[in-house]
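S.K.: Quick mapping for you: the protein sequence lines, in order, are chains A and B.
Residues in the first sequence are numbered consecutively from 1, following UniProt numbering.
Residues in the second sequence are numbered consecutively from 1, following UniProt numbering.
Dropping the structure in here first, questions after.
Protein chains: 2
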Amino acid sequence: MPSYRAPLRDHRFVLNELLNVQQYNNIEGFSEATPDIIDAVLEEGGKFCENVLYPLNKVGDRQGCKLKSDGEVEVPEGFADAYTQFTEGGWTAISGDPKYGGQGLPEYVGLAMGEMITSSNMAFGMYPGLTGGAARALHAGGTDEQKELYLPKMITGEWSGTMNLTEPHCGTDLGMLRTKAVPNGDGSYAITGQKIWISAGEHPMSKNIVHLVLARIEGAPEGVKGISLFVVPKFLPDENGEPGERNDLQCGGLEEKMGIHGNATCVMNYDGAKGWLVGEEHKGLKIMFIMMNEARLGVGLQGMALAETAYQYSVDFARDRLQGRSLTGPKNPDGPADPIIVHPDVRRMLLDQKAFVEGARALTLWTALQGDLEQKHPEEEVREKAGDYMALLTPIIKSYLTEKGYESVSQGLQVHGGSGFTAEWGIEQTLRDARITLIYEGTNGIQALDLVGRKLAMKGMRPINTFFAELDAFVAENQGSGDLEPFVKGLAETKAKLQKATSWLVEKGLENFDNAGAASSEYLNLFGLTCFAYMWAKMAKVSLAKLEEGSSDPIYESKMKTGRYFLARWLPQADMHLARIEAGAEPLMALEAEAF
Amino acid sequence: MPSYRAPLRDHRFVLNELLNVQQYNNIEGFSEATPDIIDAVLEEGGKFCENVLYPLNKVGDRQGCKLKSDGEVEVPEGFADAYTQFTEGGWTAISGDPKYGGQGLPEYVGLAMGEMITSSNMAFGMYPGLTGGAARALHAGGTDEQKELYLPKMITGEWSGTMNLTEPHCGTDLGMLRTKAVPNGDGSYAITGQKIWISAGEHPMSKNIVHLVLARIEGAPEGVKGISLFVVPKFLPDENGEPGERNDLQCGGLEEKMGIHGNATCVMNYDGAKGWLVGEEHKGLKIMFIMMNEARLGVGLQGMALAETAYQYSVDFARDRLQGRSLTGPKNPDGPADPIIVHPDVRRMLLDQKAFVEGARALTLWTALQGDLEQKHPEEEVREKAGDYMALLTPIIKSYLTEKGYESVSQGLQVHGGSGFTAEWGIEQTLRDARITLIYEGTNGIQALDLVGRKLAMKGMRPINTFFAELDAFVAENQGSGDLEPFVKGLAETKAKLQKATSWLVEKGLENFDNAGAASSEYLNLFGLTCFAYMWAKMAKVSLAKLEEGSSDPIYESKMKTGRYFLARWLPQADMHLARIEAGAEPLMALEAEAF
């Protein structure tokens with residue numbers, strides 16, 4: 001039967017050995033994040049995920065959420081208890097601002113914990129996850145008064161949060177948004193409209209729900225330049241900051257969906273609900289995008305986290321399931337058959353997953369570290385570079401990690417044969433849950449457009465040029481060195497293809513914007529592949545150094561062998577992406593819309 | 001809201017224009033299959049699928065099947081009525097042997113109808129689908145008495161059928177099968193054992209259910225050489241051949257699964273049930289594989305059929321959904337936004353689906369025609385070649401069409417954005433239903449092993465050499481001819497890569513069987529891609545000829561443009577497959593099982 005084990009050894013490998021996060025312990029707040037502390041936090045967190053959240057994962061899927069006649073939402077059995085334990089354990093506060101009650105640990109610790117929460121129970125993890133995002137938006141754009149009122153309660157999880165963007169007729173294109181805000185004359189606004197697909201929009205687990213809602217103030221300019229952000233609590237805070245009068249907003253329905261059944265995806269109806277402006281009038285999108293960018297990294301993380309779960313399930317299955325014999329003679333001669341892990345084609349599926357998960361973990365934690373550096377490093381130059389990387393990598397992490405993560409989960413299901421299609425073995429739920437990650441927080445296609453249409457060109461192409469220079473420096477430093485050589489060569493070649501694609505994009509994309517659109521998804525995938533080539537080269541370098549020191553920890557040999565699989569089986573995708581990019585827009589645009 | 005329309009124009013294109021099936025009207029039974037007759041059958045069938053089966057598709061998914069306390073199974077509302085209409089309409093009998101009441105139409109007509117049945121309601125279609133497979137096995141291996149008793153009732157659908165292979169501890173490795181058969185002394189056997197994942201194993205829609213069961217006769221040799229096939233009816237036929245006494249077999253449970261909820265996937269318990277040997281003792285697998293091979297083509301067809309449904313859903317959605325503006329200026333200036341079909345990245349997803357579905361339809365109908373020729377052509381040479389092709393292409397159709405079909409459905413879902421994840425829009429069901437096709441009737445990995453381990457080498461490599469010669473001849477005949485040229489060149493280059501991979505396999509696979517195993521899935525995909533390149537080149541040739549004749553039917557321009565998309569975007573996969581194949585087994589086998 002399936003089980004989940006917190007991958008603590010790999011977290012330690014990435015944080016301590018690959019990223020050597022201790023080099024930054026001069027940064028404010030980081031000095032407390034010693035390896036011992038991080039270890040203790042993640043170990044404790046891993047146990048919580050294994051023992052409390054994971055056992056509720058299937059329950060959540062099977063029971064789902066129910067809308068009751070009074071408009072309240074029932075969550076699956078055990079979720080409310082787990083939520084209480086989760087908040088009491090302080091898990092909502094790990095990387096929160098200490099000024100408002102957070103523990104101030106680096107983001108990368110929060111991210112490592114976030115991975116385990118998602119791996120063990122994604123639908124549950126979205127409740128505190130959305131709260132974290134909403135709190136960050138308030139932190140970035142709220143007044144001091146708003147921050148003092150909301151943040152302490154959100155950081156402890158006593159109150160939860162949501163983000164309200166989508167309406168039935170507008171998702172990607174927020175310019176068409178219709179929800180309106182009318183000044184009440186007392187500094188508050190009356191918010192009226194319908195929002196859909198609001199994750200964690202209504203549930204009984206927190207004492208209040210803080211909705212962040214995009215709306216248009218009466219008389220505002222049309223399009224995206226007339227959108228403001230409001231904080232609209234379910235219960236209006238009284239003079240003591242405690243939940244008071246019920247606000248005029250309701251959950252109007254729950255979405256029936258393919259997966260994440262344990263999370264309440266709500267239609268939210270605002271009927272003159274009282275709300276307060278966050279940030280400036282008509283500039284709500286700017287703040288919402290702070291939240292969205294964090295959320296996009298979180299979704300990329302989900303893609304990786306579910307692939308970890310699927311990997312564990314399928315390795316366990318492949319070790320236990322006896323069926324057939326190895327092509328090169330019995331490996332389990334005393335048993336009725338060999339475990340299916342002896343078969344090259346089964347190993348292909350397992351190694352594909354392993355190469356993905358470990359590459360993705362390195363990439364997300366590296367990116368999370370950039371986030372920390374951007375916020376907190378004392379040197380402006382470091383902050384700027386980290387900020388550039390965050391901007392550049394966000395669409396790649398969101399899209400590449402969810403697309404490849406979903407494929408990875410599907411490989412894991414395939415390892416199970418017929419069992420994979422049955423509810424009993426759990427992995428079909430993982431696949432259904434994973435499918436949303438390619439869609440929400442901006443579809444993967446939108447991420448690709450963000451990359452080619454905005455991120456490439458920003459600041460005179462400084463971010464991508466800085467990134468290329470970093471890769472070139474790594475290649476120059478490490479060339480011709482024995483077992484590392486194929487990794488360096490693989491990275492150099494893949495980067496050269498990405499650079500070629502970048503030049504093509506700059507030239508042909510300006511000639512005809514449809515060329516950029518036609519190339520966007522392939523370009524993003526080539527970029528993601530290059531990031532993985534870099535991570536695997538760095539992981540190989542660290543591992544080889546440990547092996548040369550004589551370490552007998554099996555992780556280093558495992559990294560080398562998995563990395564070699566990555567070189568042999570993943571890098572051949574680069575030419576395919578490049579060829580598709582260079583084919584241009586014509587093959588995509590030639591067919592008339594009516595002829596489809 | 002989603003809808004399904006029978007793709008009759010494309011069926012006509014493939015049957016009449018591409019395959020020119022009329023050239024075979026001298027074959028027994030084919031003379032009746034004039035274009036008019038085929039048209040009338042498919043048009044009527046298409047209406048049935050659109051109007052009767054499709055409306056029950058979502059009902060079937062939502063309600064699923066229920067096991068009642070008396071061991072009977074309840075099917076979704078409307079299924080029983082639809083089954084009656086289906087049998088009364090003669091849809092079970094299209095390509096059945098006229099000797100037993102079938103209409104004797106060519107298999108390719110049955111296949112075209114089968115596509116529409118699956119597109120509109122896969123879970124329903126499996127009930128008659130399994131009956132067809134079981135009838136074919138009895139037709140191939142049964143005594144005259146058995147055929148006379150069972151076939152007429154199965155061909156009319158009055159009785160349905162199943163195939164019983166899998167047991168809890170054995171699926172792929174049938175050698176471990178434990179279900180036993182003990183002679184009763186009267187020519188019948190007592191069958192005892194448990195079978196799992198029996199599609200359509202129990203339901204109230206037919207008057208009897210004819211189970212074909214693999215079992216081991218007491219004292220039989222171990223392994224696959226001791227397996228026999230039995231016919232085990234739910235109700236024992238009385239002296240008039242009508243359902244009599246209830247046999248000792250029960251549905252012991254229904255599987256909860258990811259999709260195809262409308263089909264009853266049963267645990268079947270045989271408790272000394274009365275059965276009769278089909279074919280010779282210990283040679284049951286041979287007959288079962290006749291059935292399995294047909295079933296594998298059927299599963300490949302399912303992969304294509306669901307991709308057709310998803311394609312239709314996503315084209316409709318992309319035409320209707322207004323969101324954002326074209327990168328090259330508004331295309332719907334009077335509306336609030338442009339339909340999303342204007343975006344290159346949306347077109348990429350639609351064209352990927354279109355290129356797949358049309359290529360797959362051509363390939364399956366071409367293969368079905370080979371099946372007809374193998375069975376019925378008067379010349380031995382034609383029969384032999386067709387038989388070679390059937391053997392060679394079966395694993396490719398099963399595996400390539402389901403893998404790419406599933407990816408295609410997932411593209412279709414992605415076009416829907418958030419709507420795609422909700423039950424309301426239907427496509428999430430299509431994706432869940434499609435996932436099983438990569439697994440059942442032998443997982444796709446098993447198909448790949450069948451291809452490289454058996455089909456390549458058979459008859460001194462005659463099938464693949466014949467196939468290569470056919471491609472070479474096409475290339476030689478059509479070289480250097482204007483608009484056809486890129487198609488011919490694409491085919492020639494892809495075929496050259498497949499040939500290179502084949503040589504590698506023959507050499508390195510014999511050196512080390514793990515090399516063959518490691519290459520198998522990539523080799524199968526490269527083979528599938530080559531088949532598609534051939535089909536698209538042939539479709540382009542036919543279309544160009546019609547355009548030169550001055551035809552204004554838009555289908556020919558559409559074929560050319562879709563074909564060019566295929567060349568630009570699909571063929572670049574060939575090098576990737578070849579590089580992975582040539583990487584050999586080492587990267588897959590190096591890691592110790594414990595290190596995963």
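We put the CB at the ideal spot given by N, CA and C, even for glycine.
Keep in mind that this is a model prediction, so the values were computed, not measured.
Can you grab the Cα-Cα spacing for the pair I209 (chain B) / I340 (chain B), in whole Å?
M.R.: About 49 Å.
S.K.: Between which two residues does the beta strand (DSSP E) holding N269 (chain A) run?
M.R.: Looking at the DSSP string, the run of the beta strand (DSSP E) that includes N269 (chain A) is T265 to V278.
S.K.: For the putative contact between E50 (chain B) and S160 (chain B), defined by C-beta atoms under 8 Å, what is the C-beta separation to the nearest angstrom?
M.R.: Not really, about 24 Å apart at Cβ, beyond 8 Å.
S.K.: Would the stretch 30 to 46 of chain B and the stretch 74 to 85 of chain B be scored as touching if the rule is three or more Cβ pairs under 8 Å?
M.R.: The stretch 30 to 46 of chain B, when compared against the stretch 74 to 85 of chain B, does not touch it at the 8 Å Cβ threshold.
S.K.: For L484 (chain B), which of B:Y556, B:C251, B:K147 and B:F513 has the nearest alpha-carbon?
M.R.: Nearest option by C-alpha distance: B:Y556.
S.K.: Let me see if you follow: with CB-CB separation under 9 Å, is P55 (chain A) close to chain B or not?
M.R.: For P55 (chain A), the answer is no, since every Cβ of chain B falls outside 9 Å of its Cβ.
S.K.: Closest to T172 (chain A) by C-alpha separation, out of A:G300, A:N465, A:L449 and A:Q250, would be which residue?
M.R.: When each option's Cα is compared against that of T172 (chain A), the closest is A:L449.
S.K.: Could you tell me whether any Cβ in chain A is nearer than 9 Å to the Cβ of F289 (chain B)?
M.R.: No, F289 (chain B) lies away from the interface with chain A (no Cβ there is under 9 Å from its Cβ).
S.K.: By Cβ distance, which residues of its chain are closer than 7 Å to L111 (chain A), with the 5 residues on each side in sequence left out?
M.R.: Excluding sequence neighbours, L111 (chain A) sits near L301, T364, L365 and A368.
S.K.: From V278 (chain A) to P55 (chain B), what distance separates their C-alpha atoms?
M.R.: Rounded to the nearest angstrom, the two C-alpha atoms are 48 Å apart.
S.K.: For a cutoff of 9 Å on Cβ pairs, would you count A583 (chain A) as touching chain B?
M.R.: Chain B contact via Cβ: present.
S.K.: 9 Å is my cut-off, CB to CB: does W197 (chain B) come that close to chain A?
M.R.: With 9 Å as the cut-off, W197 (chain B) counts as an interface residue toward chain A.
S.K.: In chain A, what lies closer than 8 Å to H343 (chain B) by C-beta?
M.R.: Chain A residues near H343 (chain B): G445 and G517.
S.K.: According to DSSP, Q257 (chain B) sits in a beta bridge with which residue or residues?
M.R.: Here the sequence assigns Lys to residue 257 (chain B), which means Gln is not the residue at that position. DSSP lists A:T422 as partners of K257 (chain B).
S.K.: Distance, Cα to Cα, F468 (chain A) vs E441 (chain A)?
M.R.: Straight-line Cα distance between these residues: approximately 27 Å.
S.K.: For I196 (chain A), I'd like the list of residues in its chain whose CB is within less than 7 Å of its CB, leaving aside the five on either flank, ordered along the chain.
M.R.: So the list reads T166, E167, P168 and V267, once near-sequence residues are dropped.
S.K.: Who are the near neighbours of P35 (chain B) in its chain, counting only those whose CB is closer than 7 Å to its CB and skipping five residues on each side?
M.R.: Answer for P35 (chain B): N16 and Q22, listed in chain order.
S.K.: Of the choices B:R62, B:P106, B:G114 and B:F124, whose alpha-carbon is the least far from that of Y83 (chain B)?
M.R.: The option with the nearest alpha carbon to Y83 (chain B) is B:F124.
S.K.: Report all residues from its chain with a CB closer than 6 Å to the CB of R432 (chain B); omit the five preceding and five following residues, and keep chain order.
M.R.: These residues qualify, in order along the chain: M258 and G259.
S.K.: I want to see whether chain A comes within less than 9 Å of D320 (chain B), judged by CB atoms only; does it?
M.R.: Chain A, which has no Cβ nearer than 9 Å to the Cβ of D320 (chain B), makes this no.
S.K.: Applying a beta-carbon distance threshold of less than 7 Å, which residues of chain A neighbour T255 (chain B)?
M.R.: It should be noted that the sequence gives Glu, not Thr, for residue 255 (chain B). Correct list: T422.
S.K.: Do the stretch 472 to 490 of chain A and the stretch 505 to 525 of chain A touch if we need at least three Cβ pairs shorter than 8 Å?
M.R.: The stretch 472 to 490 of chain A vs the stretch 505 to 525 of chain A: no contact.
S.K.: Distance, Cα to Cα, H343 (chain A) vs G223 (chain B)?
M.R.: Cα-Cα distance, rounded: 20 Å.
S.K.: For L451 (chain A) and chain B, any beta-carbon pair shorter than 9 Å?
M.R.: Closer than 9 Å: no.
S.K.: What do you reckon, are the CB atoms on M116 (chain B) and L42 (chain B) nearer than 9 Å?
M.R.: Yes; because the gap between Cβ atoms is below 9 Å, this pair is in contact.
S.K.: Going by Cα to Cα distance, which pick from A:P587, A:H261, A:A135 and A:G241 is closest to E294 (chain A)?
M.R.: E294 (chain A) has its Cα closest to that of A:A135, out of A:P587, A:H261, A:A135 and A:G241.
S.K.: Identify, in the order they occur along the chain, each residue of the same chain with its Cβ nearer than 8 Å to the Cβ of G104 (chain B), setting aside the five sequence neighbours on each side.
M.R.: Contacts found: G29, E32, S95, G96, D97 and P98.
S.K.: Check the C-beta distance from G359 (chain A) over to M535 (chain A) and give it rounded, since I have them as a contact under 8 Å.
M.R.: Between M535 (chain A) and G359 (chain A) the Cβ distance is about 5 Å, and since that is below 8 Å, they are a contact.
S.K.: Alpha carbon to alpha carbon, what distance is there between E255 (chain A) and F421 (chain B)?
M.R.: The alpha-carbon atoms of F421 (chain B) and E255 (chain A) are separated by roughly 9 Å.
S.K.: Determine, using beta carbons only, whether F30 (chain B) comes closer than 9 Å to chain A.
M.R.: Taking Cβ atoms only, chain A never reaches closer than 9 Å to F30 (chain B), which makes this a no.
S.K.: What do you reckon, are the CB atoms on G303 (chain B) and T437 (chain B) nearer than 9 Å?
M.R.: Yes, they are a contact pair.
S.K.: Return the residues of the stretch 511 to 543 of chain A that lie within a Cβ-Cβ distance of less than 9 Å from chain B, sorted by chain order.
M.R.: Of all residues in the stretch 511 to 543 of chain A, N512, F513, D514, N515, A516, G517, A518, A519, S520, S521 and E522 have a Cβ within less than 9 Å of some Cβ in chain B.
S.K.: Cβ of H169 (chain B) less than 9 Å from any chain A Cβ?
M.R.: So yes, H169 (chain B) belongs to the interface.
S.K.: Please classify E88 (chain A): is it buried, with 16 or more other beta-carbons within 10 angstroms of its beta-carbon, or exposed?
M.R.: By the 10 Å Cβ count, E88 (chain A) comes out exposed.
S.K.: Give the straight-line distance between the Cα atoms of E245 (chain B) and L236 (chain B), rounded to the nearest whole angstrom.
M.R.: Roughly 5 Å separates the two Cα atoms.
S.K.: If you follow the beta strand (DSSP E) that Y189 (chain B) is part of, which residue opens it and which one closes it?
M.R.: Looking at the DSSP string, the run of the beta strand (DSSP E) that includes Y189 (chain B) is Y189 to S199.
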